Amino acid sequence: MDRPITAHAAGTSDSQVPWGPVAGVIATVSVFAIAQGLSYPLLSIILERQGNPAILVGLSAAMTPCGLMASAPLIPLLSRRFGAGPTALICALFAALLFALIGWTENLAAWFPLRFLVGVVIGPLYVLSEVWLIGLAPPERRGRVVGIYTTAISAGFAAGPFSLMLVGTHGWPPYLVGIAAFLACTVCLAATLPRLPPTDREGDAASLRSFLPHAPVLLLAVMVMAAFEQTALSLFPVYGMAYGIGEFGISALLAVLIAGNIALQIPIGIVSERYRPRSVMIACAALSGLGCLVLPVLIGTVWQWPFVFLWGALSYGIYTTAFLELGDRFTGSMLVAGNAAFALMWGFGGIAGPPATGALMDTFGVQGFPAVLAFLCLGLAAVALLAQRRGPTERLAPW
């Protein structure tokens with residue numbers, strides 16, 4: 569089994585970034601993100617148009633993160649058994665096929681298993697792409713490479729809904745955009761595979777279960793970030809409307825929130841090269857939590873625009889810095905298992921955050937929205953700070 573290691577112990581000393589294969593990996597996941605970003609609003613709009621209850625629309629959307637969680641424990645095994653490259657290629661092709669079946673059926677009952685399977689096949693692609701990216705990026709430049717990667721992912725997700733403005737939501741055109749994006753992902757990956765590093769070493773046999781005790785703070789950070797993002801996207805409209813902000817204003821605020829995600833991840837990555845990623849993570853979590861506390865004061869004023877921009881950037885920086893620390897501390901099959909654990913925690917956070925926050929808002933009023941997010945972010949900052957004082961390789965007792 570791999571042991572936690574520092575980036576400089578990983579054997580990479582050349583600070584020259586191999587931009588060719590790095591660009592290939594980023595392009596692969598970015599076009600995949602376009603299809604994913606398109607699918608959520610498209611399918612929700614179609615289900616709403618068909619007259620389905622809102623709860624069933626929400627449950628249908630939850631099938632994808634459920635599939636992501638289900639596939640996470642299998643990723644290390646699939647990577648060792650079939651190879652990382654063939655596994656990712658097959659998953660990309662299956663994603664295109666599943667999206668075509670979704671377009672062909674346009675049926676709520678059929679979409680439940682199909683969207684679950686979409687989650688199953690996208691998990692390995694995202695996990696293995698991030699492992700390749702860490703393997704390609706030299707430690708001295710890893711922060712900016714990961715910053716570019718997270719920026720490109722955010723831009724891809726944002727481009728998906730934008731494409732619906734061009735092709736609409738009726739008939740095959742929107743599905744063809746998604747299918748084309750999945751197929752483009754396959755082409756990019758196939759062209760890049762010969763230049764990608766191996767994902768494990770001979771004798772490696774780490775599993776998701778064996779990784780879990782090694783990095784509890786990183787896993788908590790991913791779960792908090794997923795809960796924050798999904799809760800903000802789902803319930804910020806409810807919160808804003810309580811202050812009299814109309815639909816157009818809410819849409820604009822969400823666009824600014826996403827723009828912050830896109831614009832500032834590279835600077836956060838560069839700062840993480842100079843300071844420890846853990847320290848930058850603590851700062852991002854603390855500032856995000858404090859931002860939640862001042863949100864009720866700034867919402868509805870002219871200051872809400874720059875605030876939301878920075879709020880989105882700093883909150884997403886939690887994931888960027890957690891990903892960087894994962895790459896600094898682990899290698900080989902433990903890195904694969906770690907990324908799979910990240911996918912599992914992302915699913916947990918994304919599924920649990922919105923309904924829990926919504927229930928508190930129903931019980932205590934709309935201020936339950938910033939209160940829950942502040943609790944998550946400030947709690948993470950406190951836990952990460954305490955763990956940092958104990959050392960960078962905190963570990964739980966074996967499960």
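The sequence shown: position 94 = 662 (the working numbering), numbered continuously.
No residue lacks a Cβ here, since even glycine has one placed at the ideal position from N, Cα and C.
All of these numbers come straight from a predicted model, not from anything done at the bench.
First and last residue of the alpha helix (DSSP H) that includes residue i?
i	result
Val-745	741 to 760
Arg-846	845 to 866
Pro-874	872 to 897
Pro-609	587 to 617
Gly-918	900 to 932
Pro-707	Counting along the chain, Pro-707 falls outside any alpha helix (DSSP H), and DSSP gives it neither H nor E.
Tyr-807	784 to 810
Can you check whether the CB of residue j is closer than 7 Å to the CB of residue i?
i	j	result
Val-599	Ala-749	yes
Leu-894	Leu-786	yes
His-935	Thr-888	The identity of residue 935 in the sequence shown is Gln, whereas the question assumes His. Against a cut-off of 7 Å, the Cβ pair of Thr-888 and Gln-935 comes out as no contact.
Val-824	Phe-877	yes
Thr-799	Pro-633	no
Asn-829	Ser-722	yes
Arg-710	Val-585	no
Val-597	Trp-700	no
Ile-850	Ala-949	yes
With a cut-off of 8 Å on the beta carbons, I'd call residue i and residue j a contact; round off their distance for me.
i	j	result
Val-790	Ala-890	6 Å
Leu-776	Ala-909	5 Å
Ala-794	Trp-914	4 Å
Phe-779	Met-631	Rounded, the Cβ-Cβ distance is 26 Å, inconsistent with contact.
Leu-822	Pro-938	Actually they are not in contact, since the Cβ atoms of Leu-822 and Pro-938 sit about 16 Å apart, beyond 8 Å.
Leu-882	Ser-840	That pair is no contact at about 13 Å.
Leu-954	Phe-796	About 20 Å separates the two Cβ atoms, so there is no contact after all.
Count the other CB atoms, across all protein chains shown, that sit within 10 Å of the CB of residue i; report buried if there are 16 or more and exposed otherwise.
i	result
Ser-984	Because the chain is modelled from 569 through 967, residue 984 falls outside the range shown and cannot be assessed.
Gly-812	exposed
Asn-674	One detail in the question is off: residue 674 reads as Glu in this sequence, not Asn. So Glu-674 ends up on the exposed side.
Ser-819	exposed
Phe-896	Reading off the sequence shown, one finds Asp at residue 896, where the question assumed Phe. Result: buried.
Phe-875	buried
Met-637	buried
Pro-654	exposed
His-782	buried
Trp-587	exposed
Ile-589	Sequence inspection shows Pro at residue 589; the Ile mentioned does not correspond to that position. Result: buried.
Got a sec? Which residues, its chain only, sit under 6 Å from residue i by beta carbon, not counting five neighbours each side?
i	result
Phe-662	Val-689
Cys-945	Ala-853, Ser-856, Gly-857
Ala-705	Val-713
Shorter than 7 Å from the beta carbon of residue i to some beta carbon of chain D?
i	result
Val-590	Protein chain content of the structure displayed is limited to a single chain, and chain D is not contained in it.
Excluding sequence positions up to five away, which residues of its chain have a Cβ less than 8 Å from the Cβ of residue i?
i	result
Val-625	Ser-612, Leu-615, Glu-616
Leu-666	Leu-682, Leu-685, Val-686, Val-689
Val-969	In the structure displayed, the chain extends from 569 to 967; residue 969 sits before or after that span and is not available.
What residues in its chain sit with their C-beta under 7 Å from that of residue i, if we drop five residues either side in the sequence?
i	result
Pro-692	Ser-639, Ile-643, Leu-646, Thr-655, Ala-656, Cys-659
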